[in-house]
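Residue numbers (our numbering): 44 to 661.
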């Protein structure tokens, strides 16, 4: 029985290949998984809670998202997500793997299947080649005969300790210097080509990288997976990256994440290239990564979300950088990240806008960069900034175009709380009318067809309205709703999830409950923490009695995280079921037109599909 490199016993090593285990771990976030069983609260970058493996009163159980591990300082239990599920569910290693694979919809091999040893060997050999090549390039950089390479880095104001830390090297001008070196270490020409380090020419296999500054690309487990090379001559391609190999997938890789994950900051700065990233690290911004191009991918965004949750995009100040920033904003926002865009202020010595973070740091210094970070634009604010560049706000036409464009962007925001914040901030920042912008946004959100499958639709038939009102006066939904509010009072960290699940989807059972929840969320966003007494004061006698009863029973809840999930699921289920009951009764009403009946039947079909699709069961 051996330990695999990911930690933990793996008695059936040859049943589960390493890439499969990595995929299972990557798709079962440690925070999300632990939260199924343990109430944990965020403190800084990590989470803490009461350990489920020993009795304690003071939380000593920690979860580290950046490393995707857990550890208890009381009983010393720790490991990755597989170890946790194995122990918490009392499973063996294989059973834990299969459980997590099932949760992530990952197919795993049958018990008697056999891993292709050739694949594992190929991966191992490629890692070895990359590691040897990185050392080869680094030693070249130190050689006196390659003084010109060091002079280039000196011109970029790169310190020797930075060069060493990042393992920056130099690829020689010779056609096959690296190829010959790797051959001497026992690697074949086919292996060298497949690793992306060599190319086939009419003269045989030659080096892929020649006369270039070499930046090793290192994964989050500190393995060299590829290289980026910056030409020192007038090459056709200034920057050249390794092609995709068995260990390097560009859309899943982020430069310097191996360093950034250890930063004490709770957000990450995303830049385009190696030099920008290294320059910011040298200036003390160790929470910086590079997306290795201007096209941020979904997989990269998932990694950012998992490790940090918050990001500031700091791409180049040109058209390509602006377009890439917009794409990055949308991708990260869709992943649930809090995301902003840094707009570099100031001009260079030629009076032109500063192009990139590297130039900014050198010209303006790290403190000015820090100030620029504080003034970063949120998603819609950035879109307004770009829109302002094309609209003349001194003219009526320009003002109208700007207001309509900004209103369209704000109208895409689901949360009413966020929309209100954007309206206030943008009207102040861009000196536009708050009332005019508010009205335009209201018109657009009112007319917008909500495509969210969880949006509750009530048939637009006046004959049905009284039936609905009668139905909603029952206390069943009120009880669930107030139970959720009690959880929110006792667990402020639940705010975002409750807002997402109920408020932004309009999944509340009546206008009063929606307005009440909106008021509470708004207070939280204003740094006020409403307690149960404050909420009770907002209710009438009958509703207050229901709420106080739920508050009094809170102490019986052993797992608040699970309770929240259960309550929300039951609440959404009952709303839809109640609506279906009302619709079914409405079909029996006299005086309905065929068109009205068809609308009701369509709504019934839609609601039934919702219950099946989202598996919202009683």
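We put the beta carbon where it would ideally sit given N, CA and C, even for glycine.
Query                                                                                                                                                                                             : Result
Please go through the same chain and pick out, in chain order, the residues whose beta-carbon is closer than 7 Å to the beta-carbon of residue 80, but skip the five residues on each side of it. : 95 and 131
Please return the same chain residues whose Cβ sits closer than 6 Å to the Cβ of residue 219, not counting the five positions on each side in sequence.                                           : 249 and 250
Straight-line CA distance for residue 598 to residue 592?                                                                                                                                         : 12 Å
Using the rule of at least 16 other Cβ atoms within 10 Å of the residue's Cβ for burial, across every protein chain shown, is residue 418 buried or exposed?                                      : exposed
Exposed or buried, what is residue 637 when buried is set at 16 or more other beta-carbons lying within 10 Å of its beta-carbon?                                                                  : exposed
So which of 604, 459 and 483 has the shortest CA-CA distance to residue 529?                                                                                                                      : 604
Who are residue 383's beta bridge partners in DSSP?                                                                                                                                               : 355 and 421
Can the beta-carbon of residue 600 be found closer than 8 Å to that of residue 578?                                                                                                               : no
In angstroms, rounded to a whole number, what distance separates the CA positions of residue 257 and residue 272?                                                                                 : 5 Å
Should residue 384 and residue 375 be called a contact, given that it needs their Cβ atoms to be closer than 8 Å?                                                                                 : no
Please say whether residue 361 and residue 405 have beta carbons closer to each other than 8 Å?                                                                                                   : no
If we count the other Cβ atoms within 10 Å of its Cβ and call it buried at 16 or more, is residue 253 buried or exposed?                                                                          : buried
Does the count of Cβ pairs from the stretch 413 to 430 and the stretch 468 to 483 closer than 8 Å reach three?                                                                                    : yes
Round the Cβ separation of residue 77 and residue 68 to the nearest angstrom and send it over; I've been treating them as touching at under 8 Å.                                                  : About 13 Å; that fails the 8 Å criterion.
Is the Cβ-Cβ distance between residue 239 and residue 286 less than 8 Å?                                                                                                                          : yes
Buried or exposed: residue 101, going by 16 or more other Cβ atoms within 10 Å of its Cβ?                                                                                                         : exposed
From 309, 299 and 367, pick the residue whose C-alpha is nearest to that of residue 319; which is it?                                                                                             : 299
Identify which residue in 105, 619, 390 and 64 has its Cα closest to the Cα of residue 147.                                                                                                       : 64
Closest by CA to residue 358, which one among 486, 387 and 330?                                                                                                                                   : 387
Quick one: what's residue 274 bridged to in DSSP?                                                                                                                                                 : 255
Which term fits residue 354, buried or exposed, when burial requires 16 or more other beta carbons within 10 angstroms of its beta carbon?                                                        : buried
Give, in chain order, every unbroken run of the alpha helix (DSSP H) that is at least 4 residues long and sits entirely within the stretch 149 to 233.                                            : 160 to 185, 190 to 198, 203 to 209 and 220 to 227
Skipping 5 residues on each side, what residues in its chain have a beta carbon closer than 8 Å to that of residue 348?                                                                           : 375, 378, 379 and 380
Give me the Cα-Cα distance between residue 149 and residue 396, rounded to the nearest whole angstrom.                                                                                            : 48 Å
In this structure, does DSSP put residue 115 in helix, strand or coil?                                                                                                                            : strand
Nearest CA to the CA of residue 71: which residue from 533, 143 and 644?                                                                                                                          : 143
CB residue 73 to CB residue 124, shorter than 8 Å?                                                                                                                                                : yes
Hey, could you find the ends of the beta strand (DSSP E) residue 74 is sitting in?                                                                                                                : Counting along the chain, residue 74 falls outside any beta strand (DSSP E), though it belongs to the alpha helix (DSSP H) covering 73 to 78.
Which stretch, first to last residue, makes up the alpha helix (DSSP H) that contains residue 475?                                                                                                : Looking at the DSSP string, residue 475 is not in any alpha helix (DSSP H), and its letter there is neither H nor E.
Going by C-alpha distance, which of 612, 632 and 634 is nearest residue 654?                                                                                                                      : 612
At which residues does the alpha helix (DSSP H) containing residue 127 begin and terminate?                                                                                                       : 124 to 131
Can you tell which of 322, 344 and 277 has the C-alpha that lies nearest to the C-alpha of residue 310?                                                                                           : 344
Could you check if residue 213 is buried or exposed, using at least 16 other CB atoms within 10 Å of its CB as the buried criterion?                                                              : buried
In whole angstroms, what separates the C-alpha of residue 342 from that of residue 62?                                                                                                            : 16 Å
State buried or exposed for residue 334, treating a residue as buried only when at least 16 other CB atoms are found within 10 Å of its CB.                                                       : buried
Checking 8 Å against the spacing of the C-beta atoms, do residue 460 and residue 561 come in under that value?                                                                                    : yes
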